[in-house]
Structures are given as C-alpha cells and as structure tokens.
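Some notes on the structure that comes next.
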Amino acid sequence: WATRLLPALTGEAEQAFIKLDARDREDYGKVKAAILRGDSLRREKQRQQFRHFCYQEAEGPREVCGRLRELCREWLEPERHTKEQILELVILEQFLAVLPPEMQSWVRECGPETSSQAVALAEGFLLSQAEDRMQEVQGPSKGAADFPEVERALSAPRQRSLFG
Numbered sequence: 008w009a010t011r012l013l014p015a016l017t018g019e020a021e022q023a024f025i026k027l028d029a030r031d032r033e034d035y036g037k038v039k040a041a042i043l044r045g046d047s048l049r050r051e052k053q054r055q056q057f058r059h060f061c062y063q064e065a066e067g068p069r070e071v072c073g074r075l076r077e078l079c080r081e082w083l084e085p086e087r088h089t090k091e092q093i094l095e096l097v098i099l100e101q102f103l104a105v106l107p108p109e110m111q112s113w114v115r116e117c118g119p120e121t122s123s124q125a126v127a128l129a130e131g132f133l134l135s136q137a138e139d140r141m142q143e144v145q146g147p148s149k150g151a152a153d154f155p156e157v158e159r160a161l162s163a164p165r166q167r168s169l170f171g
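Take the sequence shown: its position 133, counting from 1, is numbered 140 in the numbering used here, and each next residue is one higher.
Written out as structure tokens, the structure reads:
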C-alpha cells in the first residue's frame, strides 16, 4: 500500500512520508500520524499569521482587509471544511486562549483537535491538581487508585486525544 501511496502525496504530506524511516513507511499508523502532525503544524502557523497580522504590513485599509481575508481562508480552508468544522476551530482557539496560563500550556501540549477534547483535558488538569492537593493534606498513602472517579477522568482525556 505504501508504494501506491507515495505518488498520491504532494507537498508537506509527501515530505512527512519521505522523512520517515523505511520501516515506518510500511506502518499505516505512523504514516498517518506523521502526515496529520505536519498538517496540524501548518494549520497552526497559518492561524498565527492571521492572528498576528498588523495594519503596518499592508498599505491602506482595503489591502489590510484583503490580506486578512486571504490569511483567514488559508487557515480555515472554507472550500475544504464545513461551517461546523470552521466553528469548531474558532471555538477551540478561543477556549484555549481564555484558559489560565498553566492550564492552557498543559492542554495545548496534549494537542486537542476539538473543543470537547480540550474541555476534557482541562477538567483532567483540574482533577490532577485536586488530587495533588489531597495527597498533600492526607499524605502519600492516598492516590488516584483511592479516587476512581479521578483516575477515570485523568485517563479519559488521553484516550480521547489519541483516538479522537
């Protein structure tokens, strides 16, 4: 299957495939992960270009607006995504932006692809902090195993982010 895949790949997807070791090119999961990781990085770069664009980078309001429209289309790809998918991207971005810095950093590091994944990760972060505080108060004998609901919540976001 890998020999038939390469001619169909272009651009960044092709580069991601080529950068894999020969053995990894035969592993569907690793090929898929490499291509998706590259797409995710490209999308994040485009989002940042849109969000950090400055008035001074263009000449006049009309050019500024045109450039913003172009950058936004590159980021959200309306020809490729549904309205619902575009809304999800914008909501996810804003959700991550309003989180407290430490939680935001932790959730972003986990790489959620949807707002529901990000919510689950943020809740897991809070539960993890609560568990840490309980351990400080009760001593080292109490752990996540003594609080099954904490253990479930902490493991659930990881599962969702891996399979979601």
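The beta-carbon is built from N, C-alpha and C at its ideal position, and this holds for glycine as well.
Whose CA, out of the options, lies closest to the CA of residue i?
i           : options             : result
residue 107 : 79, 132, 117 and 89 : 132
residue 46  : 129, 21 and 68      : 21
residue 102 : 122, 30, 116 and 85 : 122
residue 33  : 98, 69, 119 and 12  : 12
Should residue i go down as buried or exposed, given a rule of 16 or more other Cβ atoms within 10 Å for buried?
i           : result
residue 127 : buried
residue 19  : exposed
residue 149 : With a pLDDT of 49 at residue 149, under the threshold of 50, the modelled position of that residue is not reliable, and no figure is offered here.
residue 138 : buried
residue 83  : buried
residue 114 : buried
residue 172 : Examination of residue 172 is not possible in this model, given that the chain is present from 8 through 171 alone.
residue 42  : buried
residue 38  : buried
residue 129 : buried
residue 29  : exposed
residue 15  : exposed
When you compare only the Cα positions, how much space is there between residue i and residue j?
i           : j           : result
residue 35  : residue 89  : 27 Å
residue 62  : residue 27  : 40 Å
residue 87  : residue 81  : 10 Å
residue 71  : residue 58  : 13 Å
residue 125 : residue 53  : 20 Å
residue 55  : residue 96  : 13 Å
residue 118 : residue 146 : 33 Å
Tell me the DSSP secondary structure of residue i in three-state form.
i           : result
residue 4   : Shown here, the chain extends from 8 to 171; a query on residue 4 therefore has no answer.
residue 73  : helix
residue 20  : helix
residue 131 : helix
residue 106 : coil
residue 119 : coil
residue 67  : helix
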